[in-house]
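Numbering (my numbering), first residue to last: 2 to 444. Beta carbons: idealized from backbone N, C-alpha and C, even for Gly. Please read all numbers here as calculations on a predicted model, not as lab measurements. The next block holds one structure in the form of structure tokens; read it before the comments.
Structure below.
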């Protein structure tokens with residue numbers, strides 16, 4: 002087989018080869034080419050020490066010198082070049098306590114997680130595949146290099162990586178992987194929130210976010226997101242639902258667009274239901290107030306996972322409003338837009354649409370038709386440039402100061418004016434609002 006390498010990658014390989022160091026492209030880029038995908042980047046492994054790499058390429062950065070990684074700066078981009086290495090003992094289930102450089106590519110490949118990531122390629126010698134990665138790709142199988150119990154005990158995050166590759170590729174997990182995950186799921190407690198966050202987002206932003214089910218079935222989800230895991234044990238005896246709360250959440254996640262905010266909001270939108278479940282005398286379940294509890298739990302989870310504040314705020318606002326009943330009137334749409342924030346209203350409609358898709362299909366078409374009507378009304382509201390925030394009002398604080406109002410009264414009056422124009426958008430004119438304040442408010 003032949004892989005068409007970028008010229009700068011060939012130049013790096015040739016430079017190090019001429020100095021006597023065997024050098025290859027390795028890992029994900031080889032995997033992606035064999036899958037018919039264009040690699041996002043090209044990782045290079047070499048027998049050269051980091052010092053030798055830096056001597057060969059004056060424009061280089063010691064980005065991960067402790068682990069043998071140097072970033073070589075070329076005119077067309079940057080390339081990570083890492084010295085072949087053997088990992089020492091893993092004592093914390095996260096990373097090796099030490100590493101040893103080696104001259105053998107096979108020793109380097111043997112420390113990697115999955116066979117499809119344990120391949121190397123050289124333009125002249127071809128594919129180096131000591132563990133059968135090419136065949137596993139052909140079979141659509143994710144298989145560990147060696148015993149998965151050993152691989153996961155070394156770095157517990159590899160359990161989530163297995164599920165992530167399953168989500169991204171559609172490949173099946175070899176049966177010994179879920180079995181090992183079930184035995185070692187508790188090791189995930191040693192993994193930082195940031196590392197869990199990064200793998201979880203890659204799963205959610207894939208074409209198959211339902212791969213989260215693997216985390217639930219193996220016990221990993223109970224460790225990293227216990228608030229969500231418990232939802233799989235909460236049935237919903239109500240005519241509008243056919244799934245338990247957990248499976249419903251997965252279905253909703255499948256149906257929202259692939260954005261970080263929407264996928265997180267969909268996954269977490271109902272995690273408060275276990276706390277708010279009641280059952281009436283007819284055996285019908287109710288979850289009154291679950292939206293607020295879900296928002297509170299989601300905020301705590303996203304803080305734990307170190308999500309940025311902007312993402313966290315947007316997700317919490319969407320979850321708070323996801324169960325809001327919006328009537329098919331412009332007045333109701335405007336109120337809902339103000340409640341969630343105008344910039345998030347389209348996302349709210351997308352979340353509600355996906356929520357419907359994860360419920361009883363007997364009611365789906367009716368609810369989707371309603372959602373389409375709300376979308377049409379929203380487009381008209383935006384086209385008419387209706388006021389949806391204080392900054393959209395035709396008056397400001399200076400106008401109320403001129404009328405003699407001061408302090409908190411100004412803020413209260415502006416809020417009242419916004420509420421008024423949500424009902425009567427045609428009144429959002431300076432003269433009309435000032436007249437309304439002097440007449441109706443003072444009276």
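In this structure, the beta-carbon distance from residue 47 to residue 82 falls below 8 Å.
By the Cβ-count criterion, residue 189 is buried, with 16 or more other Cβ atoms from all chains shown falling within 10 Å of its own Cβ.
Taking the CA atoms as reference points, residue 354 sits about 11 Å from residue 254. Note on residue 399: under 16 other CB atoms within 10 angstroms of its CB, so exposed under the neighbour-count rule. For residue 145, the beta-bridge partners assigned by DSSP are 115. In this structure residue 186 touches residue 220 by the C-beta definition: roughly 4 Å separates them, less than 8 Å. Between the beta-carbon of residue 14 and that of residue 124 there is about 7 Å, and that keeps the pair under the 8 Å contact cut. In the DSSP assignment, residue 360 falls outside any alpha helix (DSSP H), carrying neither H nor E.
For residue 404, no beta strand (DSSP E) run applies, since DSSP gives it neither H nor E. When the Cα atoms are used, residue 152 and residue 371 turn out to be separated by approximately 50 Å. In chain order, 421, 422, 434, 437 place their CB closer than 8 Å to the CB of residue 428, counting only its own chain and leaving out the 5 sequence neighbours on each side. Pairing residue 172 with residue 143 gives a Cβ-Cβ distance under 8 Å.
In this structure, residue 352 places its C-beta atom within 8 Å of the C-beta atom of residue 263. Between residue 134 and residue 107, the C-beta spacing is not below 8 Å. Non-local beta-carbon contacts of residue 31 in its own chain, meaning distances under 6 Å to residues more than five positions away in sequence, involve 120, 122 in chain order.
If you compare the alpha carbons of 16, 244, 230 with that of residue 236, the shortest gap goes to 244. As a beta-bridge residue in DSSP terms, residue 72 pairs with 62, 81. For residue 48, there is no enclosing alpha helix (DSSP H), as DSSP marks it with neither H nor E. Per DSSP, residue 329 has no beta-bridge partner at all. Excluding sequence positions up to five before and after residue 382, its CB lies within less than 7 Å of the CB of 331, 334, 335, all in the same chain and listed in chain order.
Scanning its chain for C-beta atoms nearer than 8 Å, with the 5 sequence neighbours on each side dropped, one finds around residue 280 the residues 238, 286, 287, in chain order. Of the candidates 177, 74, 100, 100 places its Cα closest to the Cα of residue 68. When rounded, the separation of the alpha-carbon atoms in residue 84 and residue 91 is 19 Å. Contact between residue 299 and residue 317 is confirmed by a C-beta separation of about 6 Å, below the 8 Å threshold.
When the five nearest sequence neighbours on each side are left out, the beta carbons in the same chain lying within less than 8 Å of the beta carbon of residue 379 are those of 334, 338, 346, 347, 350, in order along the chain. Taking the CA atoms as reference points, residue 17 sits about 23 Å from residue 2. Just measuring C-alpha positions, the residue of 199, 184, 301, 216 sitting nearest residue 261 is 199.
Scanning its chain for C-beta atoms nearer than 8 Å, with the 5 sequence neighbours on each side dropped, one finds around residue 57 the residues 16, 17, 20, 49, in chain order.
Just so you know, the alpha carbons of residue 163 and residue 256 end up roughly 23 Å apart.
Of all C-beta pairs linking the region 166 to 181 to the region 198 to 213, three or more are shorter than 8 Å, placing the two stretches in contact. Take the alpha-carbon of residue 321 and the one of residue 307: they are about 20 Å apart. Inter-residue distance for residue 389 and residue 240 is about 36 Å (C-alpha atoms, whole angstroms). The three-state reading of DSSP puts residue 86 in strand, counting E and B together. Counted as a single uninterrupted DSSP element, the beta strand (DSSP E) harbouring residue 123 occupies residues 121 to 123. Taking the Cα of residue 35 as reference, the smallest distance to any Cα among 105, 79, 136 is reached at 136.
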